[in-house]
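Here the sequence shown stands for residues -21 to -1, 1 to 348, where the numbers follow mature numbering (1 follows the signal peptide of the UniProt record, and there is no 0). First up is the structure itself, then whatever we jot down about it.
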Amino acid sequence: MKKMFLKLVLFCFWHLDGVFGDEVESVTAIEGHEVTLHSNLTEKKDDDVIQWRFGSENTLLAKINKQTNIMTVYDDVLDGRFRNRLKLDHQTGCLTITNTRPEHSGRYELQTNSVRKYFKITVFNSDADADAVESLMEGDSVTLHTRHDERMNNDRIQWWFENENSLIAEMKVTANGVTVNTNYDWRFRGKLKVNLQTGCLTITNIRTEHAGLYGVQSNRMRKTIIVNVSDAVKSVMEGDSVTLHTLHERMDNDRIQWWFENKNTLIAEMNVTASSVTVNDNYDRRFRRRLKVDLRTGCLTITNIRTEHAGLYGVQSNRMRKNIIVNVSVRLPVPIISRNSSQCSSSSSSSSSSNCSLVCSVVNVSHVT
């Protein structure tokens, strides 16, 4: 009996070590924003079953069966808290949660036949949970401040974006000098400046992909800052053409998708492989024969634009996301001024002058002076 009990205890401890001994990736999100859990699966076998689970009960949220090529999302579980919020990428196995809420905070688990990976998501309950909030327009610059006016010897100031494991800048202060590294994240390449006196971080030419939660920490302080970036705005006249730009040139294995009004309404897609580029722009009849995708950059051009094409556009790929608002104005018509002879009358019987009324009408032409 003692031997059986001992075996049972040892088995339990081994099982617990398998759950709690593995590394957990911490991810932060702002309420209302979306967050993606990256599978980083380098090799997917034909018989793999990829599962995403949530919480202490290991509730199944999504599954991909590679053998049957079937993908299923279970967004009605747990009283529907994930309803219409889950997106599963069939190619990468990544799970995206849109429009996050505090109830989406918790432990997530990725399971395959050979891999287990754990995530902890913390959803900040609106801007009130951060120490500071910055709101600006796309293209602006912003300086994020530390809690101290001056650095000190032996300080090590680290800036992170989205979660504490994603460093974007670091400053080390020693008696011999100051070293700065801002090459951690390609999304911020050429955009970051660290103040050598204070450790404050400046982001130049900011884009919507830079919106989110920032944090700074050192030997003496910690601070979180939420940065809100408003969408780019394009204003055009009806009948003109407009080009919507991506943030980067395309790369091999890129999949660039353009949507209109909401992320479920694709209007164009470009798949890039090492050998070819394919483009599909036949998703929406409103844009028939009006779309052109640049094969080098993935930028989208809309020709002969109409008021029905005004609204929110978005582009996303493996490396970036961006929203653009397009305003379409109706062209002012040209006034046509003509004389109405029936309205003419002489000022007096002896005078040769006459008073005439002018009739102004309008036709739909573009030039008004």
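Even glycine gets a Cβ: it sits at the ideal position worked out from N, Cα and C. In this text, all values refer to a predicted model and were calculated from it rather than measured experimentally.
*Just to confirm, are V307 and K301 a CB contact at a threshold of 9 angstroms?*
no
_Whole-number beta carbon distance between T91 and V14, since they are thought to touch under 8 angstroms_ = Going by Cβ atoms, the distance from V14 to T91 rounds to 21 angstroms, so no, they are not a contact pair.
*In or out: V6 buried (at least 16 other Cβ within 10 Å) or exposed?*
Per the 10 Å Cβ criterion, buried.
*Cβ-Cβ separation, N207 to S114 (assumed contact under 8 angstroms), whole Å*: 4 angstroms
_Other residues of its chain near E82: CB distance less than 7 angstroms, five sequence neighbours each side excluded_ = Cβ within range, chain order: R60.
*Look at E240 and L279 and say whether their C-beta atoms are less than 9 angstroms apart.*
no
_Nearest-angstrom Cα separation, counted from T177 out to T125_ = 7 angstroms
*Near M249, which residues of its chain fall below 6 angstroms by C-beta distance, leaving aside the five closest residues on each side in sequence?*
I235, V258, V272 and G277
*Could you pull the start and end residues of the beta strand (DSSP E) that S243 belongs to?*
Looking at the sequence provided, one finds Asn at residue 243 rather than Ser. From DSSP, N243 is part of no beta strand (DSSP E); its letter is neither H nor E.
*Could you tell me whether the stretch 40 to 53 touches the stretch 130 to 150, using the rule of 3 or more Cβ pairs below 8 angstroms?*
no
*For the stretch 114 to 190, list the alpha helix (DSSP H) runs that are entirely contained and at least 4 residues long, ordered along the chain.*
none
*asked:* Am I right that E4 and F98 are in contact with their C-beta atoms under 8 angstroms? What's the rounded C-beta distance?
replied: 5 angstroms between Cβ atoms; contact.
*asked:* Can you tell me whether G85 is helix, strand or coil according to DSSP?
replied: strand
*asked:* What does DSSP give as the partner residue(s) for G59 in the beta ladder?
replied: Bridge partners of G59: none, in fact.
_My output table needs one value for T7: the three-state DSSP class, helix, strand or coil._
strand
*asked:* Can you confirm whether the stretch 212 to 225 touches the stretch 279 to 288 when touching is taken to mean that 3 or more C-beta pairs between the two stretches lie within less than 8 angstroms?
replied: yes
_Among Q30, E117 and G169, whose alpha-carbon lies nearest the alpha-carbon of E88?_
Cα-wise, what sits closest to E88 is Q30.
_So, for N162: in the same chain, excluding its five sequence neighbours on each side, which residues have a beta-carbon less than 8 angstroms away from its beta-carbon?_
R168
*Using a Cβ-Cβ cut-off of 6 angstroms (strictly less than) and excluding sequence neighbours within five positions of A111, which residues of its own chain qualify?*
If we look at A111 and ignore the five residues flanking it on each side, its Cβ neighbours are I204.
*Cβ neighbour criterion (16 or more within 10 Å) applied to S93*: exposed
*Neighbourhood of residue 376 by C-beta, 6 angstroms cutoff - its chain only, sequence neighbours within 5 removed*: Residue coverage of the chain in this structure runs from -21 to 348, which leaves residue 376 outside it and unanswerable.
*Does the Cβ-Cβ distance between residue 365 and A8 come in under 9 angstroms?*
Because the chain is modelled from -21 through 348, residue 365 falls outside the range shown and cannot be assessed.
*Could you name the residues that DSSP lists as bridge partners for T91?*
According to DSSP, T91 bridges with nothing at all.
*Taking the DSSP output, what are the residues bridged to G194?*
W139 and T203
_Whole-Å CB distance - S145 paired with C73, under 8 angstroms assumed_ = Not a contact, Cβ separation roughly 16 angstroms.
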